[in-house]
Amino acid sequence: MNRQQRIKLYDIQQRAFNEGNVEQINGQWIFFDEETEEASMLDDYLQQKVEIFRLNRWRNGILYESGKVLCGKETIMIRDHDLVRIRKHLIYSLERLLDGINDDAFFQFVMTLNSLNFSIYDCIYCYNHLSFLSDENRKDGVNFMVFDNQEQICNVQHHFCYFEKVNDRFEFTLNTGKRLIIEKLIS
């Protein structure tokens, strides 16, 4: 699995976007999040990837100026009440953790999380112990993650040992009591 395949897996995650409408109020573009009903300045998302719904499809682009989205070589002017999606950012420690594990462990972790109806974008807490061991020859320990999909909570413990063999073990525990353990061992 290369970087492109990982990015594709990021792209198909549920709840990867904040979706809502935009309105121009007193000369300022305001984004109204559909889920949280919070308002924020659209300028807060300058130079970020956004999607705008036009002609019955989502158009990908970069918000490069207030009210303007660059889609390839075309500039789209935002209009009042346009439907807009803004990509969420992963928690930094989770992003570093996902970058640090091997492809098989990454794929199994994300697919198992998705099968439990959680997305990597549902992460509300991540302790990445692995990031503190970058200079160690033998790396072992536990990372802790908490996910909230607005219906359930999932706690994940990632036990790892990287020395002569590579061992990744993920223990998923839902607030309902359901537990799931997956392990990947590479010799």
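For the sequence shown, position 171 matches number 171 in full-length UniProt numbering, and the numbering has no gaps at all. For glycine and all other residues, C-beta sits at the position ideal for the given N, C-alpha and C.
Residues in the same chain with beta-carbon distance under 7 Å from residue i, minus the five sequence neighbours each way, listed in chain order, please.
i: V110; result: L9, I120
i: Q152; result: L174, N175, T176
i: A105; result: D168, K184
i: N117; result: N149
i: Q108; result: I182, K184
Determine whether the beta carbon atoms of residue i and residue j lie at a separation below 8 Å.
i: N60; j: E51; result: yes
i: Y162; j: K184; result: no
i: N155; j: D122; result: no
i: D99; j: V22; result: no
i: N18; j: I86; result: yes
i: L46; j: F31; result: no
i: Y131; j: R96; result: Checking the sequence, you will find Ser at residue 131 rather than Tyr. Contact: yes.
i: F147; j: I182; result: no
i: K88; j: A39; result: no
In its own chain, which residues sit with a C-beta less than 6 Å from the C-beta of residue i, not counting the 5 before and 5 after it?
i: H159; result: V142, R169
i: residue 189; result: Limits of the chain in this structure are 1 at one end and 187 at the other, which puts residue 189 out of reach.
My understanding is that residue i touches residue j, with C-beta atoms under 8 Å, so please give their C-beta distance in whole angstroms.
i: C126; j: S93; result: 4 Å
i: D33; j: G20; result: 5 Å
i: N102; j: V166; result: 6 Å
Considering only DSSP beta bridges, list what residue i is partnered with.
i: H159; result: V142, R169
i: K184; result: D168
i: R3; result: Note: R3 sits in no beta bridge, so no partner.
i: F109; result: The partner list for F109 (beta bridge, DSSP) is empty, contrary to what the question assumes.
i: Y10; result: Its beta-bridge partners do not exist; DSSP assigns none.
i: N21; result: F32, L83
i: D148; result: I153
i: Y127; result: F144
Check whether the Cβ of residue i lies closer than 8 Å to any Cβ atom in chain C.
i: M111; result: Going by chain labels, chain C is absent from the structure shown, which holds only one protein chain.
Between residue i and the rest of its own chain, which residues show a CB-CB distance below 8 Å, the 5 nearest in sequence each way excluded?
i: W58; result: E51, I52, R85
i: D80; result: V22, E23, Q24
Let me know the beta strand (DSSP E) ranges lying completely inside the segment 28-103, each 3 residues or longer, listed in chain order. DSSP runs (the beta strand (DSSP E)) wholly in the segment 28-103: 28-33, 39-41, 49-54, 57-65, 68-71, 74-77, 83-87.
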